[in-house]
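Protein sequences appear in the order of chains A, B and C. The first sequence begins at 0 in the working numbering and counts up one residue at a time. The second sequence begins at 11 in the working numbering and counts up one residue at a time. The third sequence begins at 11 in the working numbering and counts up one residue at a time.
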Amino acid sequence: MINRKLLWLFMLPGILLYTGLFVYPALSGLFYSFTNWDGVSPSYDFVGVANYKDSFDSITFRKAFMNNIKFMIVVVVLQTVISLVLALVLAKNSRTHVVFRALYFFPAILSSVSVGLIWSFIYDPSIGLLNMSLQSAGLDSLMGSWTGDAKIALYAIAFVQIWAHAGQMMIIFIAGLHAIPGELMEAARIDGANRMQIFGRITWPLLAPSAAIVISYTTIQSFKAFDLIFVMTDGGPNYATEILTTYIYHLAFSNYSFGLASAGSMIFLVLLGILTFFQFRALRQEGARG
Amino acid sequence: MKTQRTRLALLLVMVLALTGVLSACGGGSDQAANGKVTISFLHWRGEDTQTFQKIIDAFEQKNPNIVVDMQTLTSDQYQTTAQAKLTDGSVGDVFASFPGAQFEALAKAGLFTDLTGESLLKNYNANLIEAGSKDGKQWAVPYQLVYNMPIYNKAIFEQYGLTPPKDWDGFLKACQTLKDNGIIPIAFAGGDIGPGQFMNTMVMNNEPSEDIFTKVESGQAKLTDEFWVKTLTQFKELNDKGYFQPNSLGTKDPAAGALFIQGKAAMLASGSYQLSQNAKQNPELQQGLLAPITVSADQAKYEGVHTSTFMLAVNSRSKHPEEAKKFLEFLSQPDIAAQYANETGQNVTLKDIKYDSKELNIAQEWADKKTLFQPRYTIVNAENQKAVTNSIQAVLGGATPEQAAQDAQAIIDQQIGR
Amino acid sequence: MKWVGRIIMILYGLLVAAPLYFVVVSSFKTSQSFYANPLGWPDTWSLQNFITIFDAQPMLQYFWNSARVTLFTVAIVLFLGSLISYAIVRLGGRLGKFAFAYFVAGLIIPSQVIMLPLYSLVRQLGWSDSLTALTVVTAAGLLPLTVFTLTGFMEMLSKEMMEAGSMDGAGEWKIYWRLVLPLSGPSLSATAAFLFVMVWNDLLIPLMLLNSTEKLTLPLALMQFRGEYVTDYTMLLTGVVITALPMVILFVFLQRFFVTGLTAGSVKG
Numbered sequence: 000m001i002n003r004k005l006l007w008l009f010m011l012p013g014i015l016l017y018t019g020l021f022v023y024p025a026l027s028g029l030f031y032s033f034t035n036w037d038g039v040s041p042s043y044d045f046v047g048v049a050n051y052k053d054s055f056d057s058i059t060f061r062k063a064f065m066n067n068i069k070f071m072i073v074v075v076v077l078q079t080v081i082s083l084v085l086a087l088v089l090a091k092n093s094r095t096h097v098v099f100r101a102l103y104f105f106p107a108i109l110s111s112v113s114v115g116l117i118w119s120f121i122y123d124p125s126i127g128l129l130n131m132s133l134q135s136a137g138l139d140s141l142m143g144s145w146t147g148d149a150k151i152a153l154y155a156i157a158f159v160q161i162w163a164h165a166g167q168m169m170i171i172f173i174a175g176l177h178a179i180p181g182e183l184m185e186a187a188r189i190d191g192a193n194r195m196q197i198f199g200r201i202t203w204p205l206l207a208p209s210a211a212i213v214i215s216y217t218t219i220q221s222f223k224a225f226d227l228i229f230v231m232t233d234g235g236p237n238y239a240t241e242i243l244t245t246y247i248y249h250l251a252f253s254n255y256s257f258g259l260a261s262a263g264s265m266i267f268l269v270l271l272g273i274l275t276f277f278q279f280r281a282l283r284q285e286g287a288r289g
Numbered sequence: 011m012k013t014q015r016t017r018l019a020l021l022l023v024m025v026l027a028l029t030g031v032l033s034a035c036g037g038g039s040d041q042a043a044n045g046k047v048t049i050s051f052l053h054w055r056g057e058d059t060q061t062f063q064k065i066i067d068a069f070e071q072k073n074p075n076i077v078v079d080m081q082t083l084t085s086d087q088y089q090t091t092a093q094a095k096l097t098d099g100s101v102g103d104v105f106a107s108f109p110g111a112q113f114e115a116l117a118k119a120g121l122f123t124d125l126t127g128e129s130l131l132k133n134y135n136a137n138l139i140e141a142g143s144k145d146g147k148q149w150a151v152p153y154q155l156v157y158n159m160p161i162y163n164k165a166i167f168e169q170y171g172l173t174p175p176k177d178w179d180g181f182l183k184a185c186q187t188l189k190d191n192g193i194i195p196i197a198f199a200g201g202d203i204g205p206g207q208f209m210n211t212m213v214m215n216n217e218p219s220e221d222i223f224t225k226v227e228s229g230q231a232k233l234t235d236e237f238w239v240k241t242l243t244q245f246k247e248l249n250d251k252g253y254f255q256p257n258s259l260g261t262k263d264p265a266a267g268a269l270f271i272q273g274k275a276a277m278l279a280s281g282s283y284q285l286s287q288n289a290k291q292n293p294e295l296q297q298g299l300l301a302p303i304t305v306s307a308d309q310a311k312y313e314g315v316h317t318s319t320f321m322l323a324v325n326s327r328s329k330h331p332e333e334a335k336k337f338l339e340f341l342s343q344p345d346i347a348a349q350y351a352n353e354t355g356q357n358v359t360l361k362d363i364k365y366d367s368k369e370l371n372i373a374q375e376w377a378d379k380k381t382l383f384q385p386r387y388t389i390v391n392a393e394n395q396k397a398v399t400n401s402i403q404a405v406l407g408g409a410t411p412e413q414a415a416q417d418a419q420a421i422i423d424q425q426i427g428r
Numbered sequence: 011m012k013w014v015g016r017i018i019m020i021l022y023g024l025l026v027a028a029p030l031y032f033v034v035v036s037s038f039k040t041s042q043s044f045y046a047n048p049l050g051w052p053d054t055w056s057l058q059n060f061i062t063i064f065d066a067q068p069m070l071q072y073f074w075n076s077a078r079v080t081l082f083t084v085a086i087v088l089f090l091g092s093l094i095s096y097a098i099v100r101l102g103g104r105l106g107k108f109a110f111a112y113f114v115a116g117l118i119i120p121s122q123v124i125m126l127p128l129y130s131l132v133r134q135l136g137w138s139d140s141l142t143a144l145t146v147v148t149a150a151g152l153l154p155l156t157v158f159t160l161t162g163f164m165e166m167l168s169k170e171m172m173e174a175g176s177m178d179g180a181g182e183w184k185i186y187w188r189l190v191l192p193l194s195g196p197s198l199s200a201t202a203a204f205l206f207v208m209v210w211n212d213l214l215i216p217l218m219l220l221n222s223t224e225k226l227t228l229p230l231a232l233m234q235f236r237g238e239y240v241t242d243y244t245m246l247l248t249g250v251v252i253t254a255l256p257m258v259i260l261f262v263f264l265q266r267f268f269v270t271g272l273t274a275g276s277v278k279g
């Protein structure tokens, strides 16, 4: 009974738009990764896989790669846990909860340029909100350089990323919680299950689809992070916050090595693909077990 | 079935109609009717747009058949997206460019129109427009003149009986005096522009040559050589002795500026371009420029560092090169350049300009002194430039000068190998 | 248990609210009083920063630009995206999976990769410096996310119901328009809110495609302010407040939409 032809026609406008203005440019990126194009000149030469070799050898590329991994792990773990906890706390539809949900969600509606500017001021060591609050609380020893300290900077920005998006992820979890039939909980409660048991046996397994959305969205989003770092530290100090996207951007647009940058982005793309693949697999198995 | 097809057709029409409505809204971008020629002027000085608009109005009055459409990007964006925008010739018939990496790339791409022998060049100070020449031809004319040297607060210096020191010991002593009196000796924006600005005066006498970084980039010299390790050691000394504000690496340009403007810091490691901004925020400030002399007085070859930048050029892909050149000639008139300088607080590279503001004359005093073209801009590979400034951050973050120099050199070695 | 929840709720609330308080309060301070007392309540609430910005900048034009691009983009993406998701769910099997994968693959492509090729393509099409081009390009880039989210939601709708619909002789369009779309209301509104925020705040694509000052969107305008008000913190923070304001107003309005959309009843539908 399914009209397949018509369904393909349904997709046609979207496919055309997406292929023409997204897939095609991405493929040209692949093409340029085998050239030494500088992004400006009319001509370029083919250099084979030299760009790929140079990328893997590059000290800055390796640093950026490690930073990317660290940033992603911190953001995915903390953001998922925090947004889940917030969702559990605010699951019930009471008036207060609705207000707090709105508040938590709020940072997500700000542009990353705004968030970056705001937190640059907060982290400022001499006139920033954070150090001044610590000082007035008598905690001078905790005052720090935040984005200026190579050991902390990356995590300081990861924190901002979480600040901006945990509330957004919370909304997805809340939607998932509300999709769980109340009767199921009721029945379990009548059977004498405690809170932890209900969470472990009912809530969490049934929340798996929401968790899948949250985790995969967060992974991809944090792996692709760019705006915040671009606005706040631009990769500094001393490469401490250089991640792959900023590395690619700098190569392509400040260093006029568009070919090399394209190779970097293709590697980046493959990494992200692998990551997503394994994640989906793990989540599917998790879902199957639940 | 049939109704479905019709519906689908309707759907497609809707999409198209939507796009049509949109394009109707977006139309009218190029109104070149009534015989007028529109040229585009692309630059990054957002803070100067009001002055430029006045100059453009005057130009349009004199040339009623030319309309100048000014577009600005921020300087960060300009370094990254300008070249893409310039390549099709639809933007930036007249455009500005940075010396160093950007100039090289744009020149290689053939985006500059040769200006050699144009009469407008006679208005400029020949020494100051060299940054815009390459292979014996003048491709662009630097318009602004900046001294990339620390600004100091004269009142604070006087209060503690200090004068700009003549050697390294004197500089350290001055810093100590300031620190003992509860003043931050140097406000340093370690998080962004600080290392790139301050390195110039710090290195100029440790290796008093115009092409040391060119040699580094070609492999004839190394960052692990004495001149750079010494420079890093001196940075470390300033940091360890507490002559920068605490946590200087987390401090950004605005915050460092604020410390200076409020009189909490005696020096600001930036450049003359910031003099008039500072004065606007605190009109009582008495400012001067000074450079740390990192050697003994008799070994000091240079007194300061200058950069000629905002290099104006005519786009070789411009559809209206004659009109574009006319506009460039207009900007190169001494009276117009003077208007620009006096209203924006930027010094210019033209000859015999009369400056009215205090801040411009502060910088003008340096015109006759022995200054070196900004060493950082002689590094044409942006990744190398970053490795160099990052080695300063590494030292301030606790690395040894030797280690930091070695790490940076490793990155540069890779660039040479490429 | 209850008080643990309360404490978490309030602490996190403070964490979110404190920076926002700081920004809003600072925008009403003069530069001097900001430096003298960055944390406190302003001695006098000064509107000077707002007046200066509106005087010096074509703010209304920026608002209008952002609004236009955002509205049209979201409309196009939602419409095309929901059609695709519906088709994917209906097709199912290998073909459905393939179509899904084709779109979702776009999620992992960083915009930095496509920026330059995209720019030269737009140029060849003669679309430089046009808000329409920005709309179409942004829409194309957001289709992956939209398809990803909407397909996930639509898969939760029961297949039998769609089957039943087609048994009754309803065509695909009718099932899509009369049955699936209304039932997807909550997910559509949630996705719309998502998209709204993303388009409104986008930085990279407008940065590449727009040139003229009169066409800037708000985030670009904010970047421009950063260049213009280098040492003037309060002006910058005022810029942050003003550019966020329309979104805030819309959010207060959409918020109801959001939360009612996500209540148990409607999702279970």
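We treat Cβ as the ideally placed atom computed from N, Cα and C, and that holds for glycine. As the structure is a prediction and not an experimental result, all values here were calculated from the model.
Sequence-distant residues of its chain with Cβ nearer than 7 Å to residue i (five each side left out)
{"i": "T217/A", "result": "V74, V75, Q78, T79 and M168"}
{"i": "Q403/B", "result": "G200, P205 and L259"}
{"i": "N371/B", "result": "Y365"}
{"i": "F153/A", "result": "According to the sequence as given, residue 153/A is Leu; it is not Phe. Taken in chain order, the residues that qualify are N66, K69, F70, A239 and T240."}
Run of the alpha helix (DSSP H) containing residue i, from where it starts to where it stops
{"i": "V80/A", "result": "I58 to V88"}
{"i": "G181/A", "result": "G181 to I189"}
{"i": "V34/C", "result": "K12 to S37"}
{"i": "L81/C", "result": "M69 to L101"}
Per DSSP, the bridge partner or partners of residue i
{"i": "P160/B", "result": "Partner(s): none; P160/B has no beta bridge."}
{"i": "F383/B", "result": "H316/B"}
{"i": "L278/B", "result": "I161/B and A197/B"}
{"i": "K147/B", "result": "K144/B"}
{"i": "L242/B", "result": "DSSP, once it has assigned bridges, lists no residue as partnering L242/B."}
{"i": "M321/B", "result": "S107/B and P152/B"}
Between the CA atoms of residue j and residue i - distance to the nearest angstrom
{"i": "Y45/C", "j": "T211/B", "result": "30 Å"}
{"i": "F261/C", "j": "V251/C", "result": "14 Å"}
{"i": "T232/A", "j": "A265/B", "result": "14 Å"}
{"i": "L153/C", "j": "Q67/C", "result": "33 Å"}
{"i": "A279/B", "j": "L116/A", "result": "22 Å"}
{"i": "V146/C", "j": "L188/B", "result": "59 Å"}
{"i": "V207/C", "j": "T410/B", "result": "46 Å"}
{"i": "S85/B", "j": "E57/B", "result": "11 Å"}
{"i": "N394/B", "j": "G229/B", "result": "12 Å"}
Cutoff 6 Å; reference residue i; Cβ partners in own chain excluding five residues on either side
{"i": "V238/B", "result": "Per the sequence presented here, residue 238/B reads as Trp, with Val not at that position. So the list reads A415, once near-sequence residues are dropped."}
{"i": "G102/B", "result": "S50, L52, L96 and N325"}
{"i": "I61/C", "result": "none"}
{"i": "D79/B", "result": "T48 and S50"}
Delimiting residues of the beta strand (DSSP E) encompassing residue i
{"i": "V78/B", "result": "I76 to T82"}
{"i": "T48/B", "result": "V47 to H53"}
{"i": "F105/B", "result": "V104 to S107"}
{"i": "L299/B", "result": "Q297 to L299"}
Expected contact under 8 Å - CB spacing of residue i and residue j to nearest Å
{"i": "Y248/A", "j": "Q122/C", "result": "5 Å"}
{"i": "F122/B", "j": "A150/B", "result": "6 Å"}
{"i": "P152/B", "j": "T319/B", "result": "6 Å"}
Close beta carbons around residue i, own chain, < 8 Å, minus the five adjacent residues each side
{"i": "T82/B", "result": "L52, H53, W54, R55, G56 and T59"}
{"i": "V209/C", "result": "V79, T80, T83, V84, T148 and L152"}
{"i": "P52/C", "result": "V35, F38, K39 and S43"}
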